[in-house]
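A.B. asks: Structure incoming, see below.
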Amino acid sequence: MSSRSGWLTSLTFWLCLLFSAAIYATVALSPKLVNWIVLTQQHRANQLRLVAIENQVEHLKKIVSALKTEKSFAQELARVDFHAAGTEEQRIPVAPDLALNTRSDAANLNLPAPELPWYTPLLQTAAYNARFGDALLGLAAGLIIYAFTCLHENGPGLAPRPAQREPTAVRPAA
Numbered sequence: 167m168s169s170r171s172g173w174l175t176s177l178t179f180w181l182c183l184l185f186s187a188a189i190y191a192t193v194a195l196s197p198k199l200v201n202w203i204v205l206t207q208q209h210r211a212n213q214l215r216l217v218a219i220e221n222q223v224e225h226l227k228k229i230v231s232a233l234k235t236e237k238s239f240a241q242e243l244a245r246v247d248f249h250a251a252g253t254e255e256q257r258i259p260v261a262p263d264l265a266l267n268t269r270s271d272a273a274n275l276n277l278p279a280p281e282l283p284w285y286t287p288l289l290q291t292a293a294y295n296a297r298f299g300d301a302l303l304g305l306a307a308g309l310i311i312y313a314f315t316c317l318h319e320n321g322p323g324l325a326p327r328p329a330q331r332e333p334t335a336v337r338p339a340a
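Throughout the sequence shown, residue numbering follows the numbering used here, covering 167 to 340 in sequence.
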């Protein structure tokens, strides 16, 4: 056997073992990995909600401070809220999205959930579908059997085992 084909056989052997180990790790670790992914996404969503609430609190603190210190702001706010126009004012109707919003809406707590990674459905299938997991484990076992039966060979520096000799009886010295 040439050194090139020996090298290729060895590489194929180790790739089969590595691939079967990756398949086994996928089946064995997928339930915990799916839980970790879901918890990470929930954490991110909670962080986004927390930021929205913190922004609303800061906005409301500014309004409270302005209401305490500036009397004209309180008067203007009441006038806008009650749609009371002064005698010298002329109101121009505008679209609702262009109108001055004096009251901040509640923080948007219904933010869309961040998307799960593309490989999550495969992990969920491996974690929760016993037939699929068993098929993957069978594939890993088949790869290992193939690697050790078809690709494993004695290397150039390895000699075959010598045949064992029969032990000889030792005679006691007289």
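Yeah, the Cβ is synthetic: ideal placement off N, Cα and C, and Gly gets one too.
Nearest to V200 by CA position, among F248, Y285, A218, is which residue?
C.D. replies: Y285
A.B. asks: Leaving out five residues before and five after L177 in sequence, what residues of the same chain have Cβ atoms less than 7 Å from its Cβ?
C.D. replies: none
A.B. asks: Helix, strand or coil: which one does DSSP assign to A279?
C.D. replies: coil
A.B. asks: May I have a chain-ordered list of the alpha helix (DSSP H) segments no shorter than 4 residues that lie completely inside the region 198-262?
C.D. replies: Fully enclosed alpha helix (DSSP H) runs of 4 or longer: 237-247.
A.B. asks: For C182, collect the residues of the same chain with a Cβ closer than 6 Å to its Cβ; drop the 5 residues on either side in sequence, then sort them by chain order.
C.D. replies: These residues qualify, in order along the chain: L309, A313.
A.B. asks: Leaving out the 5 sequence neighbours to the left and right, which residues in its chain are closer than 7 Å to Q290 when beta-carbon positions are compared?
C.D. replies: V200
A.B. asks: Report yes if the CB atom of Y190 is closer than 7 Å to the CB atom of A306, and no otherwise.
C.D. replies: yes
A.B. asks: Which residues bound the alpha helix (DSSP H) around A313?
C.D. replies: A313 -> no alpha helix (DSSP H), and no H or E assigned at all.
A.B. asks: So is V260 buried or exposed if we call it buried at 16+ other beta carbons inside 10 Å?
C.D. replies: exposed
A.B. asks: Going by alpha carbons, who is nearest to S186 out of R215, G304, R337?
C.D. replies: G304
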